[in-house]
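Enquirer: Let me give you the structure first, and then I'll get to my questions.
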Amino acid sequence: MKKLFFLLVITTVLICSSTFGQSQTQNKFYYAEAVMASTSDGIGCNIDFGKDYVIPVEKKDEIIKKIREFKNGVDIVNYLSDLGWEYVDKQVVFEVVPRINYQAVQSRYWIYTFRKLK
Numbered sequence: 019m020k021k022l023f024f025l026l027v028i029t030t031v032l033i034c035s036s037t038f039g040q041s042q043t044q045n046k047f048y049y050a051e052a053v054m055a056s057t058s059d060g061i062g063c064n065i066d067f068g069k070d071y072v073i074p075v076e077k078k079d080e081i082i083k084k085i086r087e088f089k090n091g092v093d094i095v096n097y098l099s100d101l102g103w104e105y106v107d108k109q110v111v112f113e114v115v116p117r118i119n120y121q122a123v124q125s126r127y128w129i130y131t132f133r134k135l136k
C-alpha cells in the first residue's frame, strides 16, 4: 500500500512540475497584420498593430505611411524585417461581389502576419 501511495505521489509531482515548467518558457510577442488588397480601384496596403503595441504616435504614423506606399508584399516583408519584425504567416483571401449589372467584381487580399518580442 505504501509503494502504491508513494508511486502516486511521485507521478503527481512529476506531472505538475513538467506542466509548470512548460508554462514558464513561453515567450510573449506583439503581433502585427499587414494587408495588401488588389481591387478594381488598384492596389492598397495597410497595417494593424493592435491596441497593445505601444510606440510613439509619430513613429507608428511613419510606418503606416510607408506601408501604404508599397505595391507588393515583398516590400512589406523586407521593410518590417528591417524594423525587427519576424514574418510568421501569409493568407490569401478571394472575394467576389456581384453588381447590379451582373458583372462581378473580384478582390484579392494578402494578409501577412508578423511578430516581435515584447
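In terms of this note's numbering, the sequence shown opens at residue 19 and continues consecutively. Every residue, glycine too, gets a C-beta built ideally from N, C-alpha and C.
1) F47 and K108 look like a contact to me (Cβ under 8 Å); what is the Cβ gap, rounded to whole Å?
2) Who are the Cβ neighbours of C63 in its own chain at under 6 Å, not counting the five residues just before and after it?
3) Using 10 angstroms around the beta-carbon of F132, count the other beta-carbons present and answer buried if the total reaches 16, otherwise exposed.
4) Do you know whose CA, among A52, E80, I61, lies nearest F67's CA?
5) In this structure, what does DSSP give as the bridge partners for W128?
6) Is S58 near V123, with beta carbons less than 7 Å apart?
7) Between the Cα of Y105 and those of G60, Y49, V75, spot the shortest distance and give me the residue it belongs to.
8) Using only the alpha-carbon positions, how far apart do N96 and D79 sit?
9) With a Cβ-Cβ cutoff of 7 Å, do V111 and Y127 count as a contact?
10) Should I94 and Y130 be called a contact, given that it needs their Cβ atoms to be closer than 7 Å?
11) Can you tell me whether I118 is buried or exposed, with buried defined as 16 or more other CB within 10 angstroms of its CB?
Expert: Quick look at the numbers:
1) Here residue 47 is taken as the residue at index 29 of the sequence shown, counted from 1. Here residue 108 is taken as the residue at index 90 of the sequence shown, counted from 1. In this structure F47 is not in contact with K108, their Cβ atoms being roughly 17 Å apart against a cut-off of 8 Å.
2) On the sequence shown, position 45 is the one that residue 63 refers to. Same-chain partners within the cutoff: M54, I85, R86, F88.
3) Residue numbering aside, residue 132 sits at position 114 when the sequence shown is read from its first letter. Burial call: buried.
4) Here the question's residue 67 lines up with position 49 in the sequence shown. Considering only alpha carbons, the answer is A52.
5) Here residue 128 refers to the residue found at position 110 of the sequence shown. Paired residue(s): M54, V110.
6) Counted from its first residue, the sequence shown places residue 58 at position 40. Counted from its first residue, the sequence shown places residue 123 at position 105. Result yes, Cβ atoms of S58 and V123 sit closer than 7 Å.
7) Sequence index remark: in the sequence shown, residue 105 carries index 87 (1-based). Per the Cα distances, Y49.
8) Within the sequence shown, numbered from 1, the residue matching residue 96 stands at position 78. Within the sequence shown, numbered from 1, the residue matching residue 79 stands at position 61. The straight-line gap from Cα to Cα measures roughly 18 Å.
9) Within the sequence shown, numbered from 1, the residue matching residue 111 stands at position 93. Within the sequence shown, numbered from 1, the residue matching residue 127 stands at position 109. Their beta carbons are under 7 Å apart, which means V111 touches Y127 by this criterion.
10) As a working mapping, residue 94 is identified with position 76 in the sequence shown. As a working mapping, residue 130 is identified with position 112 in the sequence shown. Result yes, Cβ atoms of I94 and Y130 sit closer than 7 Å.
11) The count along the sequence shown starts at 1 and reaches residue 118 at position 100. Counting of Cβ neighbours within 10 angstroms places I118 among the exposed residues, the total staying below 16.
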